[in-house]
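Colleague: In the working numbering, the protein residues as written are 49 to 415. C-beta atoms are modelled at their ideal positions from N, C-alpha and C, and glycine is treated no differently.
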Amino acid sequence: SLQRYLMLMFAIVLILAGGPLFEMSQLGGQKQPTPIDVHNAVGAALLMIGAISTVIWHRSRVISLLMISVVGLMVSVAFTRLSAPDLALTQLTVEVVTIVLLMLALFFLPQRSPKESSSIHVLRDLGVSAALGIVVSSVCYALLTRPLESISDFFLANAKTGGGGTNVVNVILVDFRGFDTLGEIIVLGIAALGIAKLLANLPLIMPSTDSEGRSWAKERYPILLASISQSLLPLALMVSFYIFLRGHNLPGGGFIAGLVTAIAFILQYIAHGSNWIAERLTINYRKIIASGIIIALFTGVGSWFFERPFMTTWFDYFDIPFIGEIELASALVFDLGVYLTVVGATLMILASLGQLTANAPKEGVHV
């Protein structure tokens with residue numbers, strides 16, 4: 049079972065991570081921990097409350113989903129607190145997409161999960177989880193209180209001169225480690241295609257009532273939500289375009305912009321349904337994913353024509369009349385490939401799940 053698999057995996061991690069701790073004469077190092085202020089304490093408390101509440105109410109799927117979203121939100125706030133706005137934006141947009149994905153999946157699942165573990169297994173899992181938490185916390189404390197050599201100084205010193213951007217995170221993703229990003233979007237595209245293929249022939253029956261026997265509302269798509277979603281679509285696309293263009297020098301970039309665009313379109317699916325969207329807009333997600341990967345790949349290949357290694361980026365500054373100096377970088381084209389891949393993959397996964405509700409027969413209806 050999945051529970052047994054996770055328990056064995058965590059037990060192995062516990063042994064591998066906990067072993068070196070017994071060889072240490074002193075857990076803490078020479079560096080003093082950062083003082084705890086009120087804001088950090090409150091954020092940590094809310095994060096722990098969300099995590100513990102998820103475990104306590106795990107059988108009530110909607111409540112546990114809300115609690116785990118609190119954890120993700122507090123992680124995003126922590127990134128903001130620690131001056132990492134790029135990570136905060138990424139975390140926040142991923143949380144929104146994940147919540148929508150899980151809500152679509154929960155529609156076909158019972159509102160409450162059955163009891164699957166005996167009292168003995170619960171105590172066993174609790175012991176393994178508690179021990180693993182203590183070991184991981186101890187390892188983090190031991191590492192963070194000791195001086196470590198970091199490569200961050202290299203990126204901070206060379207982001208502007210070597211990559212042409214002041215947003216170090218984005219320069220790392222599309223320049224210094226652009227080959228890694230290329231591999232990641234290829235994996236994302238393959239995963240989206242695999243999920244869509246699995247869901248295409250999945251036999252599901254739409255429940256005609258909830259778990260307590262109450263029928264669903266006749267109006268599946270509220271008029272207010274439908275009206276607001278249409279008004280927000282151009283605004284969301286404009287914000288996404290702005291986030292995409294500023295990513296090389298300010299928080300943003302193709303990945304975040306792609307998620308914002310996907311959220312804007314998936315809101316239309318939620319407000320109107322997949323059939324309504326299909327009648328008005330034909331989107332081939334496979335072509336979008338393929339286009340994104342091809343653009344990113346050919347951006348790297350283009351450097352060969354200038355006798356440069358694969359994925360070597362180029363940038364320069366130009367003085368435009370009435371506008372001033374602007375920067376053009378080949379990394380922007382690569383980021384466009386990332387953007388298209390993220391949009392296509394995210395929408396393919398979410399739309400495939402949403403399409404199940406449109407095609408699935410209802411209980412008691414023979415097809």
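1) Does the region 177-188 come within contact of the region 53-62, defined as at least 3 CB pairs closer than 8 Å?
2) With H, G and I counted as helix, E and B as strand and the rest as coil, what does DSSP make of Glu-327?
3) Using only alpha-carbon positions, find the residue among Met-96, Val-170, Thr-141 and Gln-74 that is nearest to Met-55.
4) Which residues in the same chain as Leu-274 place their Cβ atom closer than 7 Å to its Cβ, once the five residues preceding and following it in sequence are excluded?
5) Grab me the residues of Ile-325's own chain with a C-beta within less than 7 Å of its C-beta, minus the 5 sequence neighbours each way, in chain order.
6) Using DSSP's beta-bridge definition, name the partner residues of Ala-377.
7) Just how far apart, CA to CA, sit Gly-120 and Ala-310?
8) Give the DSSP-derived three-state secondary structure of Ser-49 in the structure shown.
9) How many angstroms separate the CA atom of Thr-82 from the CA atom of Val-216?
10) Measuring CB to CB, does Phe-303 end up less than 8 Å from Thr-138?
11) Output the distance between the C-alpha atoms of Val-413 and Tyr-333, rounded to the nearest integer angstrom.
12) Let me know if Val-424 comes out buried or exposed under the rule of 16 or more other beta-carbons within 10 Å of its beta-carbon.
13) Measuring straight from C-alpha to C-alpha, what distance separates Ile-337 and Leu-307?
14) Tell me, please, whether the region 225-240 touches the region 371-390 by the rule of three or more beta-carbon pairs shorter than 8 Å.
15) Figure out for me which residue from Arg-294, Ser-73, Val-103 and Leu-280 has the closest Cα to the Cα of Thr-214.
16) Name the two residues that bound the continuous alpha helix (DSSP H) containing Asn-297.
17) According to DSSP, simplified to helix, strand and coil, what is Ile-220?
18) Identify which residue in Leu-114, Ala-126 and Val-176 has its Cα closest to the Cα of Thr-146.
Modeller: Well, looking at it:
1) yes
2) Position 279 of the sequence shown, counted from the start, is the residue given in the question as residue 327. Three-state result, Glu-327: helix.
3) For the purposes of this step, residue 55 is identified with residue 7 of the sequence shown, where counting begins at 1. Closest by alpha carbon: Val-170.
4) On the sequence shown, residue 274 is found 226 positions in, with the first residue counted as 1. According to the sequence shown, residue 274 is Ala rather than Leu. Answer for Ala-274: Ala-319 and His-320, listed in chain order.
5) Taking the first residue of the sequence shown as position 1, residue 325 is located at position 277. Once the five neighbours on either side are set aside, the close Cβ partners of Ile-325 are Gln-316 and Tyr-317.
6) To locate residue 377, count along the sequence shown from 1; it is residue 329. Answer by DSSP bridge pairing, in chain order: Phe-363.
7) Sequence index remark: in the sequence shown, residue 120 carries index 72 (1-based). Sequence index remark: in the sequence shown, residue 310 carries index 262 (1-based). Going by the C-alpha atoms only, they are around 19 Å apart.
8) By 1-based counting over the sequence shown, the position of residue 49 is 1. Correct three-state label for Ser-49: coil.
9) Indexing the sequence shown from 1 puts residue 82 at position 34. Indexing the sequence shown from 1 puts residue 216 at position 168. Using only the alpha carbons, I get a separation of about 24 Å.
10) Against the sequence shown, residue 303 aligns to sequence position 255. Against the sequence shown, residue 138 aligns to sequence position 90. In this structure, Thr-138 lies closer than 8 Å to Phe-303 by Cβ.
11) In the sequence shown, the residue the question calls residue 413 occupies position 365. In the sequence shown, the residue the question calls residue 333 occupies position 285. Residue placement at Val-413 is flagged as unreliable, the pLDDT there being 43, under the threshold of 50; a coordinate-derived value is accordingly withheld.
12) Residue 424 is absent from the structure shown; the chain starts at 49 and stops at 415.
13) In the sequence shown, residue 337 corresponds to position 289, counting from 1. In the sequence shown, residue 307 corresponds to position 259, counting from 1. The alpha-carbon atoms of Ile-337 and Leu-307 are separated by roughly 14 Å.
14) yes
15) Stepping through the sequence shown from its first residue, residue 214 is reached at position 166. Here the closest residue by C-alpha is Arg-294.
16) Position 249 of the sequence shown, counted from the start, is the residue given in the question as residue 297. From DSSP, Asn-297 is part of no alpha helix (DSSP H); its letter is neither H nor E.
17) Here residue 220 corresponds to residue number 172 of the sequence shown, with the count starting at 1. In this structure, Ile-220 counts as helix in the three-state DSSP scheme.
18) By 1-based counting over the sequence shown, the position of residue 146 is 98. Minimum Cα distance to Thr-146 is reached at Leu-114.
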